[in-house]
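Chains as they are written, first to last, in the working numbering: chain A, 17 to 392; chain B, 17 to 392.
Don't be surprised by glycine CBs; every beta carbon is placed ideally from N, CA and C.
This report refers to the structure that appears directly beneath it.
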């Protein structure tokens, strides 16, 4: 089976590594020269819209998928006329626009933070009146890892930040006071078979995911699964999907979803019977899904901006390193380390040992600083 | 870290897949065009002795290893003058000649089947007198998967088979009546740290490994570990080593050892915290070794000669497929499937389901035939 991937970042890289072990073949299309896939499969460096590049992709693929959600949906629609594109363009469209994403959730009865569409200064003023402050203002399209958003704490902030973000359609989201940020990775096969991974509890640093950990018998597991199931059924979804939630005293609110394998599911490479990458490939190839049963307790720490020597990490028992072959740059995800343990106490000890050997995403600090204020 | 591999078969392929996930880079040298490594790393198709090829390998490598044991040792000695070769030429030399291998075991007090060196018809006659019949006659060098050996059952067989095998140095081995064929994969780091995998119980078909399974609390585990430890210490071994044993009522006899990752350890990819491939790389790179703790009960079935559709195998719960990207040919190892379960009973059920979907190494048969006579 030949698989075409739109995008050639580290998610594509890990798909290719998982898939080539199964004897699957790949080609990727990505406009960026500096790819993580490197020479692991055939690749083409061209704009997504290039007709010749799309023809090349189609020729060498039985099914097409993508490794990030900002691929032009027009391209997916075009490809879908000739071969299966999984997950489909509908899922991508729903997530590319934060307003549509929230509206979809509302339609499905899935709780989200209160929101308003904002295109003008006047609309922002009424959003502040209706939703109150603090309030978070985001671009409806684009933006990731905390980019494309500002937090308005007081009335004066509207004027102060308006110019930095205005000019494109925006969405204002009411402030949500939450206990934890969690995410669930789920997978659905061509036949509708659905599996869920253990919930990951996520800690960010400077807007970038820093640590994901899985707790045994997480109290939000069942609720997260039920929300993911209804979203996947609605989208007739095929492949891996990831939902991010705020856990509030009143229950889970969906923050956003990603129609793809996800950073917060990297622990599954060693921490689950079948990794999110293998299961995504099984799903899009129409193969039976693999078990998502956890193997012990797991965590994942991102390596951002610089890579420690492998030996310093592998000294910590239960750890495995994943380096993406990317050139180091501040704020860039260069790799991650997974770690497993048999007890929560031992897992926390190992996470702490790893943390002391890794520069956090926001860079080195003289003193540990208090956690970022939590916001929605 | 850059790794040079002599040989580019499926063992090199699985090393490369494990290593690239860790961000290691590889180049391979192998005279065969039809390699399993394919485009997964830089490779050179030249004789092992080619000075230009060896220069190319050296340039792009911080350490050199090999994926099979018939590399000319002269090449390893030459490379070892400029960079570490792990495991070393000593291990390779010991295993390339079955007579030297047996003599090494004897020196270490490790039990082996009775043997005699045979170069002439007269020596064969006295070997038969001393060791009795049946007796197995093997070439001292070369030969694998049952090739390069004949079984002499009665006196007349000596004359009958002499011409098919004579002309090269031979070894005659006395017949050993054994209960099981087992193997152990072990790994030793640069610092002498040593880990052992769970014993695999091996079933062959037409001289080719067909099924390896791991039993919980295998009664021969401790004895196998102790033999492997003394051999590794003697050779100051670095990397993964595999020892094959006959289990007899009097204890274990070493049949042979392989100074490399091994087919009977493929179950470790999903069945152990750290696979044999990752641990071999960790060892030769001087990194801390990973845990060899088993994850449930495991088995591995080889896919020889033809590949079933992936879906037929993946329907069996707990299974994962590994296809090597090789052209199908009768008797050729094209892939394998691993399977895990929580109980022996469930594991046996899953093995039986997989067996019914796989052509055995010796080919399809109309009726199940009785097991091959066991021989040493």
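Could you pull the start and end residues of the beta strand (DSSP E) that residue 32 of chain A belongs to?
Segment 26 to 37 is the alpha helix (DSSP H) holding residue 32 of chain A; no beta strand (DSSP E) there.
Measuring CA to CA, which of A:260, A:296, A:55 and A:288 is closest to residue 276 of chain A?
Among A:260, A:296, A:55 and A:288, the Cα nearest to that of residue 276 of chain A is on A:296.
Is it buried or exposed, residue 218 of chain B, if we count other Cβ atoms within 10 angstroms and call 16 or more buried?
That one is buried.
What residues in the stretch 265 to 282 of chain A bring their beta carbon closer than 8 Å to a beta carbon of chain B?
Going along the stretch 265 to 282 of chain A in chain order, one finds no residue with a Cβ nearer than 8 Å to chain B.
Under 9 Å (Cβ pairs) to chain D, residues found in the stretch 295 to 314 of chain B:
Of the chains in the structure shown, none is chain D; the protein chains are A and B.
Residues, ordered as in the chain, of the stretch 340 to 358 of chain B that lie near chain A by beta-carbon distance below 8 Å
Contact annotation: in the stretch 340 to 358 of chain B, residues whose CB is within less than 8 Å of a CB in chain A are 340, 341, 351 and 356.
Start-to-end residues for the alpha helix (DSSP H) that takes in residue 267 of chain B
According to the DSSP assignment, residue 267 of chain B belongs to no alpha helix (DSSP H) but to the beta strand (DSSP E) extending over 267 to 274.
If we count Cβ pairs, one from each stretch, closer than 8 Å, do we get three or more for the stretch 287 to 303 of chain A versus the stretch 264 to 274 of chain A?
As far as the Cβ criterion goes, the stretch 287 to 303 of chain A does not touch the stretch 264 to 274 of chain A, which means the pair count is below three.
Straight-line Cα distance separating residue 212 of chain A from residue 247 of chain A:
Between residue 247 of chain A and residue 212 of chain A, the C-alpha separation is close to 13 Å.
Under the three-state reduction of DSSP, which class applies to residue 173 of chain B: helix, strand or coil?
Helix, per DSSP.
To the nearest angstrom, how far is the alpha carbon of residue 337 of chain A from that of residue 73 of chain A?
In this structure, the alpha-carbon of residue 337 of chain A lies about 31 Å from that of residue 73 of chain A.
Counting only beta-carbon atoms, is residue 337 of chain B nearer than 7 Å to chain A?
Judged by the 7 Å Cβ criterion, residue 337 of chain B is in contact with chain A.
So, does the CB of residue 244 of chain B fall closer than 7 Å to a CB anywhere in chain A?
Closer than 7 Å to the CB of residue 244 of chain B there is not a single CB belonging to chain A.
Would DSSP call residue 91 of chain B helix, strand or coil?
Reduced to three states, the DSSP call for residue 91 of chain B is helix.
Same chain, Cβ closer than 7 Å to residue 180 of chain A, five either side skipped, listed in chain order:
Excluding positions up to five away in sequence, the list reads 166.
Of the residues B:21, B:70, B:38 and B:110, which one's Cα is nearest the Cα of residue 252 of chain B?
That would be B:110, whose Cα lies nearest to the Cα of residue 252 of chain B.
Any chance the stretch 360 to 380 of chain B sits against the stretch 70 to 84 of chain A, with 3 or more Cβ pairs inside 8 Å?
At 8 Å Cβ cutoff, the stretches do not touch.
Residues in the stretch 361 to 372 of chain A having any Cβ partner in chain B nearer than 9 Å
Flagged: no residues at all.
Is the Cβ of residue 326 of chain B closer than 7 Å to any Cβ of chain A?
Taking 7 Å as the threshold, the shortest C-beta distance from residue 326 of chain B to chain A falls below it.
Note down the Cα distance separating residue 90 of chain A from residue 300 of chain A, rounded to an integer number of angstroms.
Within the model, the alpha-carbon separation for residue 90 of chain A versus residue 300 of chain A is close to 20 Å.
Rounded to the nearest angstrom, what separates residue 361 of chain B and residue 122 of chain A at their Cα positions?
Answer to the nearest angstrom: the Cα atoms are 48 Å apart.
Can you list, in chain order, the residues of the stretch 32 to 50 of chain B whose Cβ is nearer than 7 Å to any Cβ on chain A?
Those residues of the stretch 32 to 50 of chain B that come within reach of chain A (Cβ to Cβ, closer than 7 Å) are 33, 36, 37, 38 and 39.
May I ask you to report which of helix, strand or coil DSSP gives residue 217 of chain A?
In this structure, residue 217 of chain A counts as strand in the three-state DSSP scheme.
Where does the unbroken alpha helix (DSSP H) through residue 327 of chain B begin, and where does it stop?
Counting along the chain, the unbroken alpha helix (DSSP H) around residue 327 of chain B starts and ends at 326 to 330.
Between residue 331 of chain B and chain A, is there a C-beta pair that is closer than 7 Å?
Using beta-carbon distances, residue 331 of chain B counts as an interface residue toward chain A, with a partner under 7 Å.
In chain A, which residues lie less than 8 Å from residue 334 of chain B when you measure between Cβ atoms?
Neighbours of residue 334 of chain B on chain A, chain order: 289 and 307.
Pull the bridge partners of residue 314 of chain B from the DSSP assignment, please.
DSSP, once it has assigned bridges, lists B:356 as partnering residue 314 of chain B.
Could you name each continuous beta strand (DSSP E) segment of 3 residues or more that falls completely within the stretch 127 to 163 of chain A, going from the start of the chain to the end?
Positions of the beta strand (DSSP E) runs, each at least 3 residues long and wholly inside the stretch 127 to 163 of chain A, are given as 131 to 134 and 151 to 155 in order along the chain.
Tell me the rounded alpha-carbon separation between residue 9 of chain A and residue 302 of chain A.
Here chain A has residues from 17 to 392 only, and residue 9 of chain A is not among them.
Rounded to whole angstroms, what is the Cα-Cα separation between residue 80 of chain A and residue 359 of chain B?
Roughly 38 Å between the two C-alpha positions.
Chain-order list of residues whose beta-carbon lies under 6 Å from that of residue 44 of chain A (same chain, five-residue window excluded):
Result list for residue 44 of chain A: 21, 24, 28, 53 and 59, in chain order.
Under a Cβ-count criterion, where at least 16 other Cβ atoms within 10 Å of its own Cβ denotes burial, should residue 321 of chain B be classed as buried or exposed?
Residue burial is scored here from C-beta neighbours: residue 321 of chain B has at least 16 other C-beta atoms within 10 angstroms and is therefore classed as buried.
Residues near residue 103 of chain A in its chain [Cβ-Cβ closer than 6 Å; skip 5 each side]
253, 254, 255 and 275.
Give the range of the alpha helix (DSSP H) segment to which residue 286 of chain A is assigned.
For residue 286 of chain A, the enclosing alpha helix (DSSP H) begins and ends at 284 to 287.
CA-to-CA distance, residue 215 of chain B to residue 231 of chain B, given in whole angstroms
Between residue 231 of chain B and residue 215 of chain B, the C-alpha separation is close to 8 Å.
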